[in-house]
Each structure stands twice: as C-alpha cells, then as structure tokens.
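Taking my numbering, the leading residue of the sequence shown gets 15, the next gets one more, and so forth. Encoded as structure tokens, the structure appears first; notes follow it.
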Amino acid sequence: MAKLINGQSVPNLPWEEKPAGCRDVIWRSKNNPIITRDAISNSNSIFNSAIVPFNGEFKGVFRSDDTTRRQSLHVGRSKNGVDWEIDDEKIPFICEDEEIGHFYFGYDPRVCKIDDKYYVTWCNGYHWKPTIGIAYTTDFEKFYQLENAFLPFNRNGVLFPRKINGNYAMISRPSDNGHTPFGDIYYSESPDLTFWGKHRLVMEATEGWQGTKIGGGPTPIETDEGWLTIYHGVLTSCNGFTYCAGAALLDKDQPWKVLYRTKPYIMSPREIYELAGDVPNVVFPCTAICDADTGRIAIYYGAADTVIGLAYTTLDGLMDFMKKNSY
Ligand code: BMA
C-alpha cells in the first residue's frame with residue numbers, strides 16, 4: 015500500500031464512516047452542505063474554497079460572490095473543520111506593486127503549505143482578465159501578494175507542497191476569457207515564485223465526464239509512489255457543463271508524467287445541493303487533507319457554485335480505486 019510522505023497528523027480532521035452499502039470510493043457528510051450560501055453577511059454564495067490545518071485548528075480562504083456578484087476571497091476559522099466563522103471583509107492583500115495589487119476579482123483559491131508559509135493561489139483578475147495570483151501568509155492575518163504567475167488567461171493554479179528538482183512547482187490550466195470550452199493541465203517550475211518556466215503538458219481532456227476540459231483541484235498529496243492528485247473534469251451535455259472529479263497519480267520527480275488516471279469519475283453531482291444552485295451540476299474540490307495517522311482524507315468541494323460540501327475517502331481506498339480504474 016502507498017505510504018504518505020511528509021504527512022501531517024490531523025487528529026481533529028472531520029470524519030464520518032462510510033455508510034453501509036455505499037459503492038463509491040468517496041462518500042459525503044451527512045451534514046452537507048456544511049457551509050451555506052449566506053454564511054457572510056452580504057454573500058450570494060460561498061463555494062470552491064481552500065482549508066488547511068493550522069495550530070490544532072483549521073483556517074480557510076473562502077470564495078464568496080457577494081450580492082452584486084463580485085467574486086472575492088475571505089478568511090475563515092474553525093476548531094473542528096465543520097463549523098466555520100468567515101470574515102465579512104475580503105482579504106486586504108499587501109502588494110508592493112500597485113498595478114498587480116489592484117483588485118479586480120479573485121476566485122477559486124487553493125492554499126498550500128510550503129516550509130513555514132501558507133501560499134494562496136487563485137484565479138486573479140489582471141485588468142479584468144483571469145490569471146494565477148499568488149500570495150503568502152504565516153498567520154492568516156497579513157497576506158503578501160506576489161507577482162501573478164502567468165499571463166492571462168489561466169485558472170486553477172495548484173502548487174505542490176515542496177520544491178521539486180530544486181524549484182517551486184505548480185500545475186495550471188491555460189484557457190480563455192470566458193466560460194472556457196477547452197483546457198488541459200500543464201506543469202511549470204519556478205526558482206523564486208516570480209519567474210515560471212519549464213512548462214510541460216500533464217494531461218489533456220479525453221472523453222466522457224472529462225471530455226471538454228480539465229483543471230487541477232486540491233494540493234497534491236505526496237506518497238512514496240507519486241503525487242496523488244484530485245482534479246475536475248467537465249462534460250458538455252445538451253444542458254450545459256457538468257463538473258465531476260477524478261484522481262491521478264503523477265510521477266514524483268517528473269510530475270508531468272501521469273502514472274494513473276481514473277477513467278470513471280470518483281465523484282459526480284448527485285445530491286440536490288450539487289444539482290441545483292446558481293450553476294447546476296457542479297462538484298468542484300479545492301481541498302483534500304490527509305491525516306498521517308489514519309490515512310483518512312477529508313475533501314472540501316464547491317457544490318453548484320453556491321455552497322460547500324464535505325466528503326471523505328481514505329488514502330488506501332482512493333489509491334486502490336485509481337489503480338483498478340485507470341486508462
Ligand atoms: C469554472 C469556474 C469555477 C466554477 C465553474 C462552474 O469556469 O468559474 O469557479 O465553479 O466554472 O461554474
């Protein structure tokens with residue numbers, strides 16, 4: 015069985031046992047949606063958000079669309095990972111460069127701990143054009159914004175939790191300005207989080223649930239066999255896009271090499287809060303936390319672009335499913 019590398023004990027990670035008779039590799043919390051659309055005083059919706067263990071509790075960076083439908087990022091805190099208090103005020107990023115720091119919009123954050131810093135990557139408006147913003151914090155109070163990683167248009171920038179080949183590493187999804195009808199996952203490296211290069215193709219959209227476009231999800235989980243990566247895939251139906259999730263294992267030293275990739279999805283919109291909302295038929299995972307002691311994994315995902323759901327799997331269960339159900 016695969017072993018976790020650089021794992022962290024998270025004894026208070028939310029957990030619920032797999033319901034008897036459940037045939038899926040991922041199962042949902044009975045308390046879903048755990049964060050509802052009105053958890054901020056002027057929110058229209060709260061979804062696609064990132065959570066990390068922090069000093070025995072949890073911190074998060076949340077996507078909220080307000081009642082003007084502007085997208086912004088907010089800090090939240092929780093003792094148990096289930097009950098959250100989220101700031102009304104959006105994060106006031108501190109940025110040396112006024113032009114980069116000018117806030118147009120920010121959405122779909124990921125948070126990745128590298129050494130003693132927590133890095134936030136998100137879809138950041140640069141002159142209203144989406145690209146990958148990067149900031150870091152040590153305390154979830156002050157956030158220092160760096161240069162955007164790439165030119166527009168790009169989304170779903172997901173950092174790896176340690177340097178690879180001596181460089182910071184990120185997957186991202188170059189795209190266009192709208193509700194992108196295409197998109198593949200690429201890998202890039204940077205010596206300093208400012209200059210990015212060594213771009214490599216990781217995975218392309220294929221067929222079925224991942225036939226239109228794909229994009230990175232949570233921070234990859236390091237195992238002795240490679241990087242366990244949950245990602246989203248999109249199908250175009252006669253009624254529009256459907257967002258599902260799949261899993262892949264990327265090579266440890268050359269993460270653009272895909273060792274396994276699930277042919278079936280691991281999660282698809284099924285529950286009413288995933289099927290109905292501002293954008294129906296969306297599950298969009300941005301967080302997967304693995305407890306080193308038990309191998310339990312808690313997945314936080316946006317549901318129907320409206321609320322946040324919590325789901326569970328295990329390292330062994332997901333690795334086994336992936337190995338048995340790959341291309
Ligand atoms: C994508 C992003 C996500 C969103 C999804 C479904 O393009 O905008 O934030 O969850 O579409 O609407």
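By construction, the Cβ of each residue, glycine as well, lies at the ideal position given by its N, Cα and C atoms. Just so you know, these numbers come straight off a predicted model, no measurement behind them.
Practice task
Leaving aside the five residues before and after residue 241 along the sequence, list all residues of the same chain whose C-beta is less than 6 Å from its C-beta, in chain order.
Solution key: The residues are 234, 264, 269.
Exercise for the section: Return the chain-ordered ranges of every beta strand (DSSP E) run that is complete within the region 230–257 and spans a minimum of 3 residues. Expected result: For the region 230–257, whole beta strand (DSSP E) runs of length 3 or above, ordered along the chain, are 235–237, 240–251.
Problem - Straight-line gap, residue 21 to residue 173 (C-alpha atoms, nearest Å) - result: Between residue 21 and residue 173, the alpha-carbon positions lie close to 16 Å from each other.
Exercise for the section: Report yes if the C-beta of residue 75 is less than 7 Å from at least one heavy atom of the ligand BMA; otherwise report no. Expected result: Incorrect: residue 75 has no Cβ contact closer than 7 Å to the ligand BMA.
Problem - Min CB distance residue 125 to chain B below 8 Å - result: The chain labelled as chain B is not found in the depicted structure, where only one protein chain is given.
Handout entry: Same chain, Cβ closer than 8 Å to residue 159, five either side skipped, listed in chain order
Key = Result list for residue 159: 107, 108, 109, 114, 115, 147, 148, 149, in chain order.
Exercise for the section: Just the C-alpha distance for residue 135 and residue 338, rounded to the nearest angstrom, thanks. Expected result: Each residue's Cα considered, the two are about 32 Å apart.
Practice task
Give every residue of the same chain whose Cβ lies closer than 6 Å to the Cβ of residue 29, excluding the five residues on either side of it in the sequence, and list them in chain order.
Solution key: Non-local C-beta neighbours of residue 29 in its own chain, meaning closer than 6 Å and more than five positions away in sequence, comprise 310, ordered along the chain.
Problem - Residues near residue 118 by beta carbon distance below 6 Å, same chain, minus five either side - result: Taking residue 118 as the centre and dropping the five residues before and after it, the same chain places the C-beta of 139, 142 closer than 6 Å to its C-beta, in chain order.
Exercise for the section: Return yes when at least one heavy atom of the ligand BMA lies under 7 Å from the C-beta of residue 193, else no. Expected result: Relative to the ligand BMA, the nearest heavy atom lies less than 7 Å away from the CB of residue 193.
Handout entry: Whole-angstrom distance between residue 304 and residue 197, CA atom to CA atom
Key = C-alpha separation (whole angstroms): 28 Å.
Handout entry: Distance cut-off 7 Å: residue 58 Cβ against heavy atoms of the ligand BMA
Key = False, no ligand heavy atom lies under 7 Å from that Cβ.
Exercise for the section: In angstroms with no decimal places, state the Cα-to-Cα distance between residue 255 and residue 59. Expected result: Spanning the two alpha carbons is a distance of roughly 19 Å.
Problem - Cβ-Cβ distance between residue 236 and residue 49 below 8 Å - result: No; because the gap between Cβ atoms is not below 8 Å, this pair is not in contact.
Practice task
Kindly list the residues whose CB is nearer than 7 Å to the CB of residue 343, restricted to its own chain and excluding five residues on each side of it in sequence; keep chain order.
Solution key: Absent from the model: residue 343. The displayed extent of the chain is 15 to 341, so no value can be given.
Handout entry: Selection from 204, 318, 260, 51 that minimises the alpha carbon distance to residue 230
Key = Of 204, 318, 260, 51, the residue nearest in Cα terms is 260.
Problem - Straight-line Cα distance separating residue 61 from residue 321 - result: The C-alpha of residue 321 lies about 5 Å from the C-alpha of residue 61.
Exercise for the section: Express the C-alpha separation of residue 186 and residue 84 in angstroms, rounding to a whole number. Expected result: Taking the straight line joining both Cα atoms gives about 23 Å.
Problem - N- and C-terminal bounds of the beta strand (DSSP E) containing residue 143 - result: Looking at the DSSP string, the run of the beta strand (DSSP E) that includes residue 143 is 143–151.
Exercise for the section: Consider the C-beta atom of residue 267 and the heavy atoms of the ligand BMA; say whether any pair is separated by less than 7 Å. Expected result: At a threshold of 7 Å, residue 267 does not count as near the ligand BMA, since its beta carbon sits no closer than that to any of the ligand's heavy atoms.
Exercise for the section: Spatial neighbours of residue 190 within its chain, please: CB distance less than 6 Å, with the 5 preceding and 5 following residues excluded, ordered by chain position. Expected result: The beta carbon of residue 190 lies closer than 6 Å to those of 167 in the same chain, with the five residues before and after it left out.
Handout entry: Cβ-heavy atom distance, residue 296 to the ligand BMA, below 7 Å
Key = Distances from the CB of residue 296 to the heavy atoms of the ligand BMA include at least one below 7 Å.
Practice task
Please find out if some non-hydrogen atom of the ligand BMA comes closer than 7 Å to the beta-carbon of residue 90.
Solution key: Flag unset: Cβ of residue 90 not near the ligand BMA.
Problem - First and last residue of the uninterrupted beta strand (DSSP E) at residue 313 - result: Run containing residue 313: 310–317, per the beta strand (DSSP E) assignment.
Practice task
Can you have a look at residue 36 and say buried or exposed, based on whether 16 or more other CB atoms are within 10 angstroms of its CB?
Solution key: Exposed, by the Cβ-count rule.
Problem - Short Cβ contact (8 Å threshold) for residue 342 with residue 183 - result: Nothing in the structure corresponds to residue 342, since the chain is present only between 15 and 341.
Handout entry: Distance between beta carbons of residue 46 and residue 287, contact taken as under 8 Å
Key = Indeed, because the Cβ distance is near 6 Å, the residues count as touching under 8 Å.
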